[in-house]
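Participant:
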Ligand code: ATP
Ligand code: MG
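Residue numbers (our numbering): 80 to 653.
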């Protein structure tokens, strides 16, 4: 039994100054976590219980699909990450350090390299496979924007697992097993989630899906089709593009004087005055960004998107990975880039790419690379040829689904899990082979699967709270029942007795046995802490009655004191 009189817990009346989202605010106020440094948190007793409860659900479901738990250190030597290329590829995200001899180490951001080496060290025959291994362990990433408390930490707890198979069919089976386990895990954690297609980012490889927990404060944007079951992270979304056209069928390109038209709006107006009826969607906006590669090289990149859309930097960044996208402001160093009047035709010495909405043979109004001049009927494949196609345009509600053409809806969410089919990327890097039945080596194929364990605690809080505090689902709540005794007469003693009886029935109990706390404070704390069921022993005791409260519905039932244990047990087990 946890007793509030001795529990290492101080709740706060005020919101922490740096908290932008409800989960951060409430986890700090309710005494679950404390900030140590940006993106680095300690867990107090109730918080530790939350972490343990989430980990327990994760472990049970991983064990149920036959995955075996191992544990790696967080402090890792550089060499395996050099072999995979990620020592540089990770760029600033990686915490690097040196030992006293000057040898390079890192704090593991994820452990593909180590798992690959572990399997290579232990296994050598096709008979050993398949195998799935996992750990629940602390990860380190020097996030550019640590935010929202433990939702995006620089140190965080992840469950990461890895599958090793002989062939693609086996890899698909391991992937499907994980997908099903993740569904069970997030159901049990009481999280609302969506499974969306994802780009595989740093991992490379093919199929990849994310589990997103919808929340208005989420950092990820996803689309969902209003008619088919297509759902994708906007970084990975495939929109239905127009059909290619015949470039030869378009009118000839024409350069026009368009003074004072540095924006799409002004351009559309001036073109209309000159008899060219060009909607914003038929103008081509060319945005210059700076790409910074992990080795430190930088390069300007011009991205063409339809003029009625902005460039979505996150989407662009996901598609130029591992390069980082920075803003570009050195126009004076690149005289060929005429700010406000850039066009892809005749643009030399600078890489130019288009969004897939810009299709072969399409005609555009765009800059003419001279101040105050634009060109109309600039045709892709005739007047310019981009060096590549990179999804970069902002995706909007109502855009056509890439699969069925119906309108897409847009939502925001937090990434709580991610499953990848890695293929042979890491097996190739480390020559992970086993001997096949014919004694010939077979290259192993892999999958990698993550769940943000500490993030899940915050994600649950983000989805499950009200203005008064946290509202934990039963499966993860630090305890099952919160017992409060209010009053100076027999109430404390009865509360104590009931708490003991509830514990005797196998429930986990938090007893508010603080003597010097007012009823108002005790109630406020109970609401803040978020335990799903409470038993309140108050004035009614004189008539043999106590209250049974449901934190989620707010429902309060008055129950005879000698029936409340049974009633609470029923509620907790329901
Ligand atoms: P994000 O896009 O949010 O940065 P990611 O795609 O880089 O996450 P993965 O490499 O897929 O993350 O890691 C697996 C899981 O670990 C994620 O699905 C997420 O739940 C969790 N996670 C990743 N980064 C953090 C972090 N900084 N703090 C807490 N949890 C994290
Ligand atoms: Mg991810």
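Quick reminder that beta carbons are idealized off the backbone N, C-alpha and C, glycines included.
What did DSSP end up calling residue 274 once you bin it into helix, strand or coil?
Facilitator: Residue state, collapsed to three classes: strand.
Participant: Can you tell me whether residue 665 sits near the ligand ATP, meaning its C-beta is under 8 angstroms from at least one heavy atom of the ligand?
Facilitator: Because the chain is modelled from 80 through 653, residue 665 falls outside the range shown and cannot be assessed.
Participant: Name the residue from 189, 465, 652 and 590 whose alpha carbon lies nearest to the alpha carbon of residue 425.
Facilitator: 465
Participant: Is residue 617 near the ligand MG, in the sense that its beta carbon is under 8 angstroms from a heavy atom of that ligand?
Facilitator: no
Participant: Starting from residue 628, follow its DSSP beta bridges and name the residues at the other end.
Facilitator: 613 and 635
Participant: In chain order, which continuous runs of the beta strand (DSSP E) of length 3 or greater are located wholly inside the region 130-203?
Facilitator: 154-156, 174-177 and 183-186
Participant: Let me check you understand the geometry: is the CB of residue 242 closer than 8 angstroms to at least one non-hydrogen atom of the ligand ATP?
Facilitator: no
Participant: What does the alpha-carbon distance come out to for the pair residue 392 and residue 148?
Facilitator: 38 angstroms
Participant: Do residue 350 and residue 257 come within 9 angstroms of each other at the CB atom, strictly closer than that value?
Facilitator: no
Participant: For the region 486-515, which segments carrying the beta strand (DSSP E) assignment without a break, of at least 3 residues, lie completely within its bounds, in sequence order?
Facilitator: 487-502 and 512-514
Participant: What do you get for residue 182, buried or exposed, if any count of 16 or more other CB atoms within 10 angstroms of its CB means buried?
Facilitator: exposed
Participant: Do residue 316 and residue 436 have their C-beta atoms closer together than 9 angstroms?
Facilitator: no
Participant: Per the contact definition of three or more C-beta pairs closer than 8 angstroms, is the region 230-239 in contact with the region 112-122?
Facilitator: yes
Participant: Give the single residue among 260, 105, 99 and 165 whose Cα lies nearest to the Cα of residue 137.
Facilitator: 260
Participant: Would you say residue 244 and residue 208 are within 9 angstroms of each other, going by their C-beta atoms?
Facilitator: yes
Participant: Is the distance from the Cβ of residue 531 to the Cβ of residue 498 below 9 angstroms?
Facilitator: Result no, Cβ atoms of residue 531 and residue 498 do not sit closer than 9 angstroms.
Participant: Once DSSP output is grouped into helix, strand and coil, what is the label at residue 571?
Facilitator: helix
Participant: Just to confirm my understanding: we take residue 121, look at its own chain, exclude 5 residues before and 5 after, and list those with CB closer than 6 angstroms. What are they?
Facilitator: 113 and 115
Participant: Indicate whether residue 434 and residue 469 have their beta-carbon atoms separated by less than 9 angstroms.
Facilitator: yes
Participant: Per DSSP, which residues does residue 304 bridge with? Please list them.
Facilitator: Note: residue 304 sits in a beta bridge opposite 487.
Participant: Are the beta-carbon atoms of residue 420 and residue 446 separated by less than 9 angstroms?
Facilitator: yes
Participant: Span of the beta strand (DSSP E) holding residue 86?
Facilitator: Taken as a continuous stretch (DSSP letters only), residue 86 belongs to no beta strand (DSSP E), as it is neither H nor E.
Participant: Quick one: measure Cβ to Cβ for residue 703 and residue 296, integer angstroms, because I've assumed they're closer than 8 angstroms.
Facilitator: The shown model of the chain, from 80 to 653, leaves out residue 703, and the question about it has no answer.
Participant: Can you find a heavy atom of the ligand MG that lies under 8 angstroms from the Cβ of residue 606?
Facilitator: Every heavy atom of the ligand MG is 8 angstroms or more from the Cβ of residue 606, so no.
Participant: Which value, in whole angstroms, describes the spacing of the CA atoms of residue 635 and residue 646?
Facilitator: 12 angstroms
Participant: Consult DSSP for residue 375 and reduce its assignment to one of helix, strand or coil.
Facilitator: coil
Participant: Whole angstroms are fine: how far does the CA of residue 125 sit from the CA of residue 88?
Facilitator: Spanning the alpha carbons of residue 88 and residue 125 requires a straight line of approximately 8 angstroms.
Participant: Does the separation of the CB atoms of residue 129 and residue 557 fall below 9 angstroms?
Facilitator: yes
Participant: Measure the Cβ-Cβ separation of residue 366 and residue 357 and say whether it is below 9 angstroms.
Facilitator: Result no, Cβ atoms of residue 366 and residue 357 do not sit closer than 9 angstroms.
Participant: If you drop the 5 nearest sequence neighbours on each side, which residues of the same chain put their C-beta closer than 7 angstroms to that of residue 110?
Facilitator: Excluding positions up to five away in sequence, the list reads 88, 89, 90, 123 and 125.
Participant: Alpha helix (DSSP H) containing residue 247: first to last residue?
Facilitator: 247-267
Participant: How is the beta strand (DSSP E) around residue 430 delimited, first residue to last?
Facilitator: Counted as a single uninterrupted DSSP element, the beta strand (DSSP E) harbouring residue 430 occupies residues 430-433.
Participant: Between the alpha carbons of residue 331 and residue 302, how many angstroms are there, rounded?
Facilitator: In this model, residue 331 and residue 302 are separated by some 38 angstroms (Cα to Cα).
Participant: Where does residue 244 fall in DSSP's three states?
Facilitator: strand
Participant: According to DSSP, simplified to helix, strand and coil, what is residue 479?
Facilitator: strand
Participant: For residue 585, is the classification buried or exposed, using 16 other Cβ atoms within 10 angstroms of its Cβ as the cut-off for buried?
Facilitator: exposed
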